[in-house]
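Please read the structure below before turning to the comments.
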Ligand code: ADP
Ligand code: ASP
Ligand code: MG
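In full-length UniProt numbering, the protein residues as written are 1 to 419.
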């Protein structure tokens, strides 16, 4: 017997028929003798719809009230799945975030899970009840509803798996594993049987939305075994001891496997970044700090940063990227501080995409970055900014060239599946 946490994403929960299919998969897992908890997303499109209502109600919305609205999508699907499971003869009970409780901090709209009190959950699972938990939701220290940021149900699932000490956390989605790049963009993408936590963390953080970044860092920290697999399967649910999807593993487990690996594991594209340039910033100590300190205080993540060497008059341009969703706030904040920072103009550009290549093989091989630059240059694709880490190289390019860049890089690094 194993204890399994199963998570179903938005596409898998979209409508009564699909929820019935999910209920069937869950039931078969329980019938195989396993203890099961299920974490569900809202129906696909629902969270976007709810976010739009918030925007229409108040462009500069209060994140605490936004959470009240957007958390409702998962409340609906958790109740519907519990009802559907009951209809096919299972004992099932839904648990809202505040009921578990999934305790978070009070950073509304991007709250972090601090603690899950899992005793009641474990007792109910042991009694043969299927616990259905809405993903994405938590409860703040003040007792208010919080949400975990877009894609946060993955993190809910991993956190629940860690709290109930599950043998595995299966993330069921609309693709059958993690691929070398988004299989919806590149038809020749290949499915990876194994990916390391670190690689998955980098891939997620640079735009592979198949798993939310926080879910991967949590899985790495708590040593949760995570599998990504498809919910669009027929009658037979995969047995708990088989791995039809992609398993996220430690470096040691990867080395112990006999899998042949390419230098690059995967390529990701992120169109959700925006570029901000401040021109003629005074070239003196403290100038850059006065730009980034207020952004950090407002929880706005700055990613790539370029500062040119001052040319003359002791002035320089500073360019950086922020998430599109934070651009308006970042812009407002910097415009308010125009005089104290002392820049001349603020130029914002949302028409950029970040393309990243990721692989642990980079640690021991040179030339990954130069292959990237040459491949893009051969296609006339201009690089606006570059950033690197130990196992990743990212470039910022014009958004219109995203698909082309990903395709040519996929080929250049030898990742294309055989025709
Ligand atoms: P869910 O609703 O199940 O959470 P998401 O839409 O969040 O699903 O994530 C699954 C999607 O992630 C896939 O449909 C695919 O388009 C995208 N994706 C991006 N990069 C990858 C990748 N490297 N491997 C697999 N899927 C990827
Ligand atoms: N429903 C939320 C979203 O769309 C959370 C999730 O699906 O993971 O972002
Ligand atoms: Mg998702």
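Yeah, the Cβ is synthetic: ideal placement off N, Cα and C, and Gly gets one too. This structure is a prediction, so every number in the text was calculated from the model and none was measured.
{"Asked": "Cα-Cα separation between residue 23 and residue 231, rounded to whole angstroms", "Found": "11 Å"}
{"Asked": "Outcome for residue 200 when other beta-carbon atoms lying within 10 angstroms are tallied against a minimum of 16", "Found": "buried"}
{"Asked": "Helix, strand or coil at residue 203 according to DSSP, with G and I counted as helix", "Found": "helix"}
{"Asked": "Reference residue 20, options 5, 233, 405, closest by Cα", "Found": "233"}
{"Asked": "Any non-hydrogen atom of the ligand MG closer than 7 Å to residue 7 Cβ", "Found": "no"}
{"Asked": "Inter-residue Cα distance where the pair is residue 73 and residue 147", "Found": "11 Å"}
{"Asked": "Limits of the unbroken beta strand (DSSP E) element including residue 172", "Found": "168-173"}
{"Asked": "Proximal residues to residue 151 (C-beta, below 7 Å), its chain only, five neighbours per side dropped", "Found": "209, 212"}
{"Asked": "Residue(s) in a DSSP beta bridge with residue 355", "Found": "269, 395"}
{"Asked": "Close-in-space but distant-in-sequence residues of the same chain around residue 333 (CB under 6 Å, 5 per side omitted)", "Found": "294"}
{"Asked": "For residue 256, three-class secondary structure by DSSP", "Found": "helix"}
{"Asked": "Proximity test, residue 207 beta-carbon vs the ligand MG heavy atom, cut-off 7 Å", "Found": "no"}
{"Asked": "Terminal residues of the beta strand (DSSP E) in which residue 323 lies", "Found": "315-323"}
{"Asked": "Whole-angstrom distance between residue 103 and residue 410, CA atom to CA atom", "Found": "41 Å"}
{"Asked": "Assigned exposure category for residue 285 - 16 Cβ within 10 Å defines buried", "Found": "exposed"}
{"Asked": "Residues bridged to residue 48 (per DSSP)", "Found": "The partner list for residue 48 (beta bridge, DSSP) is empty, contrary to what the question assumes."}
{"Asked": "Any non-hydrogen atom of the ligand ADP closer than 7 Å to residue 184 Cβ", "Found": "yes"}
{"Asked": "Selection from 35, 106, 111, 138 that minimises the alpha carbon distance to residue 117", "Found": "138"}
{"Asked": "Residue from 205, 274, 373, 43 with nearest C-alpha to residue 14", "Found": "43"}
{"Asked": "Among 68, 88, 219, nearest to residue 155 - alpha-carbon criterion", "Found": "219"}
{"Asked": "Residue-level contact to chain C via CB, residue 141, 8 Å cutoff", "Found": "No chain C is part of this structure, which consists of one protein chain only."}
{"Asked": "Residue 168, buried or exposed, once every other Cβ within 10 Å from all chains shown has been counted against 16", "Found": "buried"}
{"Asked": "Where the beta strand (DSSP E) containing residue 64 begins and where it ends", "Found": "Unbroken run through residue 64 is the alpha helix (DSSP H), 63-70; no beta strand (DSSP E)."}
{"Asked": "Inter-residue spacing [alpha-carbon to alpha-carbon] between residue 64 and residue 145", "Found": "8 Å"}
{"Asked": "Cβ shell of residue 198 (< 8 Å), same chain only, five flanking positions each side left out", "Found": "220, 251, 360, 391"}
{"Asked": "Whether residue 317 touches residue 278 by CB criterion (8 Å)", "Found": "yes"}
{"Asked": "Residue 149 CB to nearest heavy atom of the ligand MG below 7 Å", "Found": "no"}
{"Asked": "Near the ligand ASP: residue 153 beta-carbon under 7 Å from a heavy atom", "Found": "yes"}
{"Asked": "C-beta atoms of residue 194 and residue 257 nearer than 8 Å", "Found": "yes"}
{"Asked": "Near the ligand ADP: residue 210 beta-carbon under 7 Å from a heavy atom", "Found": "yes"}
{"Asked": "Given residue 39 as reference, the closest of 196, 45, 159 once Cα atoms are compared", "Found": "159"}
{"Asked": "Nearest candidate by alpha-carbon position, reference residue 84, set 341, 16, 405", "Found": "16"}
{"Asked": "Contact test: residue 179 Cβ vs the ligand ADP heavy atom, cutoff 7 Å", "Found": "yes"}
{"Asked": "Inter-residue spacing [alpha-carbon to alpha-carbon] between residue 95 and residue 131", "Found": "7 Å"}
{"Asked": "Beta carbon of residue 343 nearer than 8 Å to that of residue 261", "Found": "no"}
{"Asked": "DSSP three-state assignment for residue 83, whether helix, strand or coil", "Found": "helix"}
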